[in-house]
Structure formats: structure tokens, C-alpha cells
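Visitor: Residue numbers (UniProt numbering): 1 to 125. In this text, a Cβ means the ideal position worked out from N, Cα and C, and glycines have one as well. Computed from a predicted structure; not experimentally measured.
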């Protein structure tokens, strides 16, 4: 199971199209608050997390998910940051929040599949 967290409907559509060829069961969330709520109901095998969103951004959502996992002694779910910014400080900030990797938008299909292969074995099985 994969949770795609992205406030842009166009980006959600594109990423879902890319993922159609996999065996992933995909849930979506349009902001970090919705993502954290969904995660607490049933943890996921992989999370693709946009960083710039309204209500609760991806940094805060990632920290909330990591805190939830620590409190319940759950194995950390891979969280992959999605960001339009590739600068070093942005990548470091996403890692400090608890992300495992960082993909720059617009997301290239080959890069997405490389990340899925590396982090999402259970998500795409």
C-alpha cells in the first residue's frame, strides 16, 4: 500500500498514471493533515510526500508520522519527499524532518521507479 500526498490534482493524476503499471494499491491525500489521519488508521508500506502544501506541510506531516511510529514502536515507513526544489538545504531539511529520500518535481517516471525499487518492495508487491 502506498500513500500519495500531493495538493496538486494534476501532480496526483500524473503520479497515479505512472504507478498504474505496478501492483501498488494507492491511496491519496491532498494535504499533510489528511495524510497523518489516514496513516494513523492503517500504516502504509511507502509514502510519497509533497513538501509544500496548505493546512499541514510535508515536513510537519513527516514529523507527525515519525512521532506516531516512535510512540507505537512501529517500524519506520519509507517516506519519500517530493519537492520542486533541488537545492542542498531543501534536501537536508526534508531528511531532518524524517524523509528517507528526496525526488525533485517534475517527477521523472524512471526516477520514481528507481525509488520504488529501492524503498517500496512491499508497496509494489
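Would you report the Cα separation of residue 88 and residue 24, rounded to the nearest angstrom?
Guide: For this step, residue 88 is matched to residue 88 along the chain shown. For this step, residue 24 is matched to residue 24 along the chain shown. Going by the C-alpha atoms only, they are around 30 Å apart.
Visitor: Residue 3 and residue 19: beta carbons closer than 9 Å?
Guide: Position 3 of the chain shown, counted from the first residue, corresponds to residue 3. Position 19 of the chain shown, counted from the first residue, corresponds to residue 19. No.
Visitor: Kindly list the residues whose CB is nearer than 7 Å to the CB of residue 127, restricted to its own chain and excluding five residues on each side of it in sequence; keep chain order.
Guide: No answer is possible for residue 127: it lies beyond the span of the chain, which begins at 1 and ends at 125.
Visitor: Excluding the five sequence neighbours on either side, which residues of its own chain have a C-beta within less than 8 Å of the C-beta of residue 28, listed in chain order?
Guide: Here the question's residue 28 lines up with position 28 in the chain shown. So the qualifying residues of the chain are 3, 4, 5, 6, 12, 16.
Visitor: For residue 77, does the three-state DSSP call read helix, strand or coil?
Guide: By 1-based counting over the chain shown, the position of residue 77 is 77. It is coil, neither helix nor strand.
Visitor: Alpha carbon to alpha carbon, how far is residue 99 from residue 41? Give it in angstroms, no decimals.
Guide: Residue 41 sits at position 41 when you count from the first residue of the chain shown. Residue 99 sits at position 99 when you count from the first residue of the chain shown. Answer to the nearest angstrom: the Cα atoms are 20 Å apart.
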